[in-house]
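Residue numbers (my numbering), protein chains in the order written: chain A, 981 to 1395; chain B, 981 to 1395. Even for Gly, the Cβ is constructed at its ideal location relative to N, Cα and C.
Protein chains: 2
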Amino acid sequence: MHNKSGPSRRKFLTTGLIAGVAGSAARAGDPTITNVQPWAQELGKGVDERGYGLPSPHEAHVLRKSVPWLTAEDTSSINFTPLHQLDGIITPNGLAFERHHSGVAEIPPADYRLMINGLVDTPMVFTLQDLMRFPRYNKVYFLECTANSGMEWRGPQLNGVQFTHGMMHNVMYTGVMLRDVLAAAGVKSEGKWLLAEGADAAGVSRSIPMEKALDDCMIAFKMNGEALRAEQGYPARLVVPGWEGNMWIKWLRRLEIGDQPWHHREETSRYTDLMANGDSRRFTWIMDAKSVITEPSPQAPILHGKGQTVITGLAWSGHGVIPRVDVTVDGGINWHQARVDGPCLDKSLHRFYFEFDWDGKPLLLQSRAHDTTGYVQPTKDALRKIRGVVSNYHNNGIQTWSVDSDGVVDNVEIS
Amino acid sequence: MHNKSGPSRRKFLTTGLIAGVAGSAARAGDPTITNVQPWAQELGKGVDERGYGLPSPHEAHVLRKSVPWLTAEDTSSINFTPLHQLDGIITPNGLAFERHHSGVAEIPPADYRLMINGLVDTPMVFTLQDLMRFPRYNKVYFLECTANSGMEWRGPQLNGVQFTHGMMHNVMYTGVMLRDVLAAAGVKSEGKWLLAEGADAAGVSRSIPMEKALDDCMIAFKMNGEALRAEQGYPARLVVPGWEGNMWIKWLRRLEIGDQPWHHREETSRYTDLMANGDSRRFTWIMDAKSVITEPSPQAPILHGKGQTVITGLAWSGHGVIPRVDVTVDGGINWHQARVDGPCLDKSLHRFYFEFDWDGKPLLLQSRAHDTTGYVQPTKDALRKIRGVVSNYHNNGIQTWSVDSDGVVDNVEIS
């Protein structure tokens, strides 16, 4: 049934099966409707201005999760976004992926300073208030850790999209353009590289070519409307759209202008791509086109049995927008073009859907993203042929989920 | 200085004044930079998966607020969005305006049911799971209570944009199209109106013409990626884009199809516009074009003194997008076209900015929104001439803030 695609079939899949499939005819005396439910019999809780609003207690299981064996300490650990429980393209701040190298720096905003030094006309120091006086801009960008899906290089490791793909979030940033702030100090003509340095104990720092710094990089102080969360670099972080998350320096403390890269720890011993022969690929900054099905997935099995079924997922590319996503339910024998819905924004997550009539037989689900350059998300095996399996970084291979006849979903690979 | 506008002046205002104005030249021995700050001397807090992420303790003052004298009980009260502390267009869920008529209904999602009855082929009952099997869509829409700015009809009442304009939020909804769900029951040809009814103790219900129901209305179960908050109708609410917030029925329990409106409480004794002669305007559903400056504003004074200054605010229209916003700093003698930045989406908030060089003299700030029909946001006096001052609803008049030479901002009116 899933094998016959094409325009007329797709129209049927997305619109024709609705009537009569979901829901049931109302029955006289159905107690769920004809009785007055308990919550309609008494006043509910009133408004309360004393605290920041939280999710319903019925959603208390929707949380970031870590994988204890991944890192030695919780100060150098990872909290993964629960992608299987989210929809749309905005990651709520309370569920946004976090990764630190020496824990969360705790900076009183009045004490925050950003210094610009090196090859500039006037070394400068900015307060947070100073930064907020530059023209502000608003952009929705994905941040993906370059180690996202890294454990999967050597075969299925973790049985949940939260863990295979949850080193990622997508929020609306408000901030100022890095080029405007640099212009205040005056970058000398020999300044070709920028070192961005964080104020945490690790002093995470990365070299960024000036072309990128002057293009779309931002210094952000708000995410999804409100102040940056502490774990996202409060009060100010660097935003490096489409490039690996490690470069988005949090608790941004210093920008140095130089004529060559610095070769610091995070761009030598880490965040380089170890190849099979022992060489390392370096400065592989751009996150290539990638996608994943978030539901159904191992943590979000199909509970409703056969019939009308929604497949949904995310697609993104560091090169820009996603013009097309394909979905297969038979392990790649037949591909169907998915419906991408919601704002289609540059270097942002895109949400896709594929609705179909499940016959209750086992499925092999995959998605593949296309970018505007013609690039198509590769299989994991295709990546392994070129890169080997000793790297932890830049794994944008196609993810496979198996679904059994009970709707149970597992992380598998097919060759 | 603010009186000379025009393209070349605006370019200078937004780009020319950056260098040297914000920030200060770095001084040798500046302790804020050359010392290693305390937060760089020790490990910070590690990742913690035990709770939903919260704002920095330094942002603990950023909260919704109520106005005790507005309503008799907190179960029928209002918690206002702190617009003066937000930027961009997304309202974080924890700060989103809430208004109830009998408190927050507490509905276990497994017990949720939606019934469709009346002039349909097959009366039906849907579980939440059933609803989630329909094709899903993602849209960012503003919700504005029709009483937003209602206290201002009779002159300045509340000294803060949170209270004058904070009955409003703007989030990305994920849900299903109302027309798809109605199609499952089959609306009879004589079905011209829909009654949407909530499951709270107040049983809030509103009549909606079928044209709107079949156009862009949604049944939403997610906001900003995660489940609806309890105070926003968990687990499912109606979304009625561009129309007054009271119609966006929360805890949606029942949809009845009829051939005429029901004339229920919330569309007769309430949510009608009382005119000076005692008549009421009824079914004034669409929220007209409106805007307000959120910063500077009474709760967000100018603290940095004269020089480079950012004015920012929000504009919106129930008729669609906002093609243009004007700002004045001299009480309307000269108007400048503001820079609208960020996604420009149908029936969504739009964020605007106007950067200028403040000479430190008193200001009278206003903004006015244009919509795509050619309509321009009117003055409050122009509205009063037609509607009188006894209504509480649909006040979309131009807001004025005065700024004194110390940067203190007040809610004022000028004639």
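Cross-strand partners of residue i (DSSP beta bridge)
i	result
Pro-1189 (chain A)	A:Trp-1173
His-1350 (chain A)	A:Arg-1304 and A:Val-1356
Val-1219 (chain A)	A:Met-1198
Asn-1150 (chain B)	B:Phe-1122
Glu-1078 (chain B)	B:Asn-1059
Val-1084 (chain A)	B:Lys-1025
Ile-1266 (chain B)	B:Trp-1223
Arg-1261 (chain B)	B:Asp-1253
Glu-1211 (chain A)	Its beta-bridge partners do not exist; DSSP assigns none.
Val-1310 (chain B)	It should be pointed out that residue 1310 (chain B) corresponds to Asp in this sequence rather than to Val. Its beta-bridge partners are B:Leu-1344.
Met-1104 (chain B)	A:Ala-1005 and B:Ile-1096
Ala-1040 (chain B)	Answer by DSSP bridge pairing: none, since Ala-1040 (chain B) is not bridged.
His-1316 (chain A)	A:Val-1307
Leu-1203 (chain B)	At residue 1203 (chain B) the sequence reads Met, which differs from the Leu that was named. The partner list for Met-1203 (chain B) (beta bridge, DSSP) reads B:Tyr-1153 and B:Glu-1206.
Exposure label - residue i; buried when at least 16 CB within 10 Å
i	result
Asp-1253 (chain B)	buried
Gln-1346 (chain A)	buried
His-982 (chain A)	At His-982 (chain A), the pLDDT of 35 sits below 50, so the modelled position is not reliable and the matter cannot be decided from this model.
Thr-1289 (chain B)	buried
Gly-1026 (chain B)	buried
Gln-1212 (chain B)	buried
Lys-1286 (chain B)	exposed
Gly-1258 (chain A)	exposed
His-1243 (chain B)	exposed
Ser-1057 (chain A)	buried
Val-1369 (chain A)	exposed
Gln-1021 (chain B)	exposed
Ala-1090 (chain B)	exposed
Leu-1343 (chain A)	buried
Gln-1240 (chain B)	exposed
Gly-1074 (chain A)	buried
Ser-1297 (chain B)	buried
Phe-1201 (chain B)	buried
Ile-1394 (chain A)	exposed
His-1041 (chain B)	exposed
Leu-1283 (chain A)	exposed
Ile-1069 (chain A)	buried
Thr-1248 (chain A)	exposed
Asp-1384 (chain A)	exposed
Limits of the alpha helix (DSSP H) - the one that residue i falls within
i	result
Val-1141 (chain B)	1141-1145
Asp-1160 (chain A)	1158-1165
Endpoints, the beta strand (DSSP E) within which residue i is located
i	result
Gln-1109 (chain B)	Unbroken run through Gln-1109 (chain B) is the alpha helix (DSSP H), 1108-1111; no beta strand (DSSP E).
Asp-1321 (chain A)	1319-1321
Arg-1331 (chain B)	1330-1338
Ile-1237 (chain B)	1232-1238
Leu-1294 (chain A)	1287-1296
Tyr-1121 (chain A)	1116-1124
Lys-1341 (chain B)	Careful: Lys-1341 (chain B) lies outside any beta strand (DSSP E) and carries neither H nor E.
Gly-1098 (chain B)	1094-1098
Ile-952 (chain A)	Here chain A covers residues 981 to 1395 and nothing more, so residue 952 (chain A) does not appear.
Cβ-heavy atom distance, residue i to the ligand PLP, below 6 Å
i	result
Lys-1365 (chain A)	Because no ligand of any kind appears in the structure shown, any question about the ligand PLP cannot be addressed here.
Q. Name the residues in the region 1329-1345 of chain A whose C-beta lies less than 8 Å from a C-beta of chain B; which are they?
A. Arg-1331, Tyr-1333 and Glu-1335
Q.
Closer than 7 Å between beta carbons: that is the criterion. Which residues of the region 1032-1051 of chain B meet it against chain A?
A. Tyr-1032, Gly-1033, Leu-1034, Pro-1035, Ser-1036, His-1038, Glu-1039, Val-1042, Leu-1043, Arg-1044, Lys-1045 and Ser-1046
Q.
Any C-beta of chain A within less than 9 Å: which residues of the region 1069-1084 of chain B qualify?
A. Ile-1069, Ile-1070, Thr-1071, Pro-1072, Asn-1073, Gly-1074, Leu-1075, Ala-1076, Glu-1078, Arg-1079, His-1080, Ser-1082, Gly-1083 and Val-1084
Q. Curious, which full-length alpha helix (DSSP H) runs of at least 4 residues does the region 1360-1393 of chain B contain?
A. 1360-1367
Q. The region 1238-1268 of chain A: which residues have C-beta closer than 7 Å to a C-beta of chain B, in chain order?
A. none
Q. Which residues, in chain order, does the region 1271-1294 of chain A contribute to contact with chain B at a C-beta distance below 9 Å?
A. Leu-1283, His-1284, Gly-1287, Gln-1288, Thr-1289, Val-1290 and Thr-1292
Q | Within 9 Å of chain A by C-beta, residues of the region 1214-1235 of chain B in sequence order | A | Tyr-1214, Pro-1215, Trp-1231, Arg-1233 and Arg-1234
Q.
Against chain A, which members of the region 1174-1189 of chain B pass a CB distance test of less than 7 Å?
A. Ala-1179, Asp-1180, Ala-1181 and Gly-1183
Q: Below 9 Å between beta carbons is the criterion; list the residues of the region 1114-1144 of chain B that meet it against any residue of chain A, in chain order.
A: Phe-1114, Pro-1115, Arg-1116, Tyr-1117, Asn-1118, Lys-1119 and Val-1120
Q: Could you name the residues of the region 1304-1330 of chain A whose beta carbon sits closer than 9 Å to any beta carbon of chain B, in the order they occur along the chain?
A: Arg-1319, Asp-1321, Gly-1322, Pro-1323 and Leu-1325
Q.
Which residues of the region 1152-1164 of chain B have a Cβ closer than 7 Å to any Cβ of chain A? Give them in chain order.
A. Met-1152, Thr-1154, Asp-1160, Ala-1163 and Ala-1164
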